[in-house]
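Heads up: the structure comes next, in structure tokens.
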Amino acid sequence: QKEVEQNSGPLSVPEGAIASLNCTYSDRGSQSFFWYRQYSGKSPELIMFIYSNGDKEDGRFTAQLNKASQYVSLLIRDSQPSDSATYLCAVIAVRGAQKLVFGQGTRLTINP
Amino acid sequence: GAVVSQHPSRVICKSGTSVKIECRSLDFQATTMFWYRQFPKQSLMLMATSNEGSKATYEQGVEKDKFLINHASLTLSTLTVTSAHPEDSSFYICSARHREEYWYEQFFGPGTRLTVL
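Residue numbers (our numbering), protein chains in the order written: chain A, 1271 to 1382; chain B, 40 to 156.
Here you go:
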């Protein structure tokens, strides 16, 4: 079982709709969760991080964390073509040197 | 603030040569730097964790004698791919963690695309 799992997609969403991205993790003791966006040929950029159960909103983005079910999701409201990218879920492992463990990423396409 | 640069951005080399990639934190001091490798359509895989003034910690399966990491100062880490072969062709990305602030966040460099002929 992979430590962090995502549906690789591709996920296609019409412009203006809500895009929903999901991620599950295996280490129940994980504490910190991150969503990165990566455009083709570029390095990842941090969109949001979340520590506590529940929702965290930042503009059009909402991260949701459910530690009991070991999943974290990212909602993108009013999707724009510029949101088309690969979204990487990452978790800070409890053990070791606080390193990030990435999921395989979900490729999202927003259709105009 | 919190800008990380990498040099070069792209390199093409012949098989058997060595390639050095620099990672610099431009406006902050980084206690820890990380080196990742990303193959096409795959996620980032951590290669090693580098702390200033000490030996790097390599992930399982990463050859430390092939991927030499030096973290000589709080703003510079280098990755040298020794005797590169075509299978080493990949996108190499570094990240840095701020010394004092944003302990949870890694700031990523723009990446270096290595092509070994």
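From the three backbone atoms N, C-alpha and C, an ideal C-beta is built for every residue, glycine too.
Looking only at C-alpha atoms, which of the options sits nearest to residue i?
i                   : options                                           : result
Glu-126 of chain B  : B:Ser-93, B:Lys-105, B:Val-43 and B:Ser-48        : B:Lys-105
Tyr-1357 of chain A : A:Glu-1315, A:Asp-1328, A:Tyr-1341 and A:Gln-1350 : A:Glu-1315
Arg-136 of chain B  : B:Ser-129, B:Lys-103, B:Asn-90 and B:Glu-98       : B:Asn-90
Ala-95 of chain B   : B:Thr-114, B:Leu-118, B:Glu-61 and B:Gln-77       : B:Leu-118
Ala-1289 of chain A : A:Phe-1303, A:Arg-1330 and A:Lys-1337             : A:Arg-1330
Val-1442 of chain A : A:Ser-1300, A:Gly-1286, A:Ser-1282 and A:Ala-1287 : Any answer about residue 1442 of chain A is impossible in this case: the structure gives chain A only from 1271 up to 1382.
Asp-1328 of chain A : A:Ser-1322, A:Ala-1363 and A:Met-1318             : A:Met-1318
Pro-1351 of chain A : A:Ala-1287, A:Ala-1363, A:Ala-1338 and A:Cys-1359 : A:Ala-1287
Lys-1337 of chain A : A:Glu-1285, A:Lys-1272, A:Val-1283 and A:Thr-1294 : A:Thr-1294
Ala-123 of chain B  : B:Leu-83, B:Pro-79, B:Phe-78 and B:Lys-59         : B:Lys-59
Arg-34 of chain B   : A:Leu-1378, A:Ala-1333 and A:Lys-1312             : This structure does not reach residue 34 of chain B, given that chain B is present from 40 up to 156, and the question cannot be answered.
Asp-79 of chain B   : B:Glu-102, B:Tyr-131, B:Asp-66 and B:Val-42       : It is worth fixing the name first, because residue 79 of chain B is Pro in this sequence and not Asp. Nearest C-alpha to Pro-79 of chain B: B:Tyr-131.
Ser-64 of chain B   : B:Met-84, B:Val-101, B:Leu-113 and B:Ser-129      : B:Leu-113
Pro-1284 of chain A : A:Tyr-1306, A:Asp-1353 and A:Ile-1362             : A:Asp-1353
Ser-1296 of chain A : A:Ile-1362, A:Ser-1310, A:Ala-1355 and A:Thr-1332 : A:Ile-1362
Gly-100 of chain B  : B:Met-84, B:Thr-70 and B:Ser-93                   : B:Met-84
Ser-129 of chain B  : B:Phe-147, B:Gln-81, B:Gly-55 and B:Glu-144       : B:Gln-81
Gln-145 of chain B  : A:Asp-1325, A:Lys-1369 and A:Arg-1377             : A:Lys-1369
Ala-1227 of chain A : A:Ser-1349, A:Ser-1278 and A:Ser-1310             : Here chain A covers residues 1271 to 1382 and nothing more, so residue 1227 of chain A does not appear.
Please check the pair residue i and residue j, which I expect to be a contact at CB under 8 Å, by giving their CB distance rounded to whole angstroms.
i                   : j                   : result
Gln-1276 of chain A : Asn-1292 of chain A : 7 Å
Glu-98 of chain B   : Ala-111 of chain B  : That belief does not hold up - the Cβ atoms of Glu-98 of chain B and Ala-111 of chain B are roughly 21 Å apart, past 8 Å.
Leu-1281 of chain A : Phe-1303 of chain A : Rounded, the Cβ-Cβ distance is 19 Å, inconsistent with contact.
Ser-57 of chain B   : Val-120 of chain B  : 7 Å
Gln-45 of chain B   : Pro-149 of chain B  : 6 Å
Ala-1360 of chain A : Tyr-1306 of chain A : 6 Å
Leu-115 of chain B  : Glu-61 of chain B   : 7 Å
**Message:** Any C-beta of chain B within less than 7 Å: which residues of the region 1283-1311 of chain A qualify?
**Reply:** Ser-1302
**Request:** Can you give me, in chain order, the residues of the region 81-100 of chain B that have a beta carbon less than 9 Å from any beta carbon in chain A?
**Result:** Gln-81, Ser-82, Leu-83, Met-84, Leu-85, Thr-88, Asn-90, Thr-96 and Glu-98
**Item:** Meets three-Cβ-pair contact criterion under 8 Å: the region 1340-1354 of chain A and the region 67-80 of chain B
**Value:** no
**Message:** For the region 1367-1376 of chain A against the region 43-51 of chain B, do three or more pairs of beta-carbon atoms, one drawn from each stretch, fall closer than 8 Å, so that the two count as touching?
**Reply:** no
**Message:** Beta carbons nearer than 7 Å to chain A: which residues of the region 103-137 of chain B have them?
**Reply:** Ile-132
**Request:** Give, in chain order, every residue of the region 1321-1338 of chain A whose Cβ lies closer than 7 Å to some Cβ of chain B.
**Result:** none
**Message:** Please identify, using Cβ separations under 7 Å, the residues of the region 1367-1378 of chain A that lie next to chain B, in order along the chain.
**Reply:** Ala-1367, Lys-1369, Leu-1370, Phe-1372, Gly-1373, Gln-1374 and Gly-1375
**Asked** Can you list the beta strand (DSSP E) stretches of 3 or more residues lying completely in the region 1335-1376 of chain A, in chain order?
**Response** 1341-1346, 1355-1362 and 1370-1372
**Request:** Please go through the region 1292-1319 of chain A and give each complete beta strand (DSSP E) segment of 3 or more residues, from N-terminal end onward.
**Result:** 1302-1308
**Request:** List in chain order: all unbroken beta strand (DSSP E) runs of 3+ residues lying wholly within the region 95-156 of chain B.
**Result:** 106-112, 115-120, 129-137, 145-147 and 151-155
**Where the region 56-81 of chain B meets chain A: residues whose CB sits under 8 Å from a CB there** = Thr-71, Phe-73 and Gln-81
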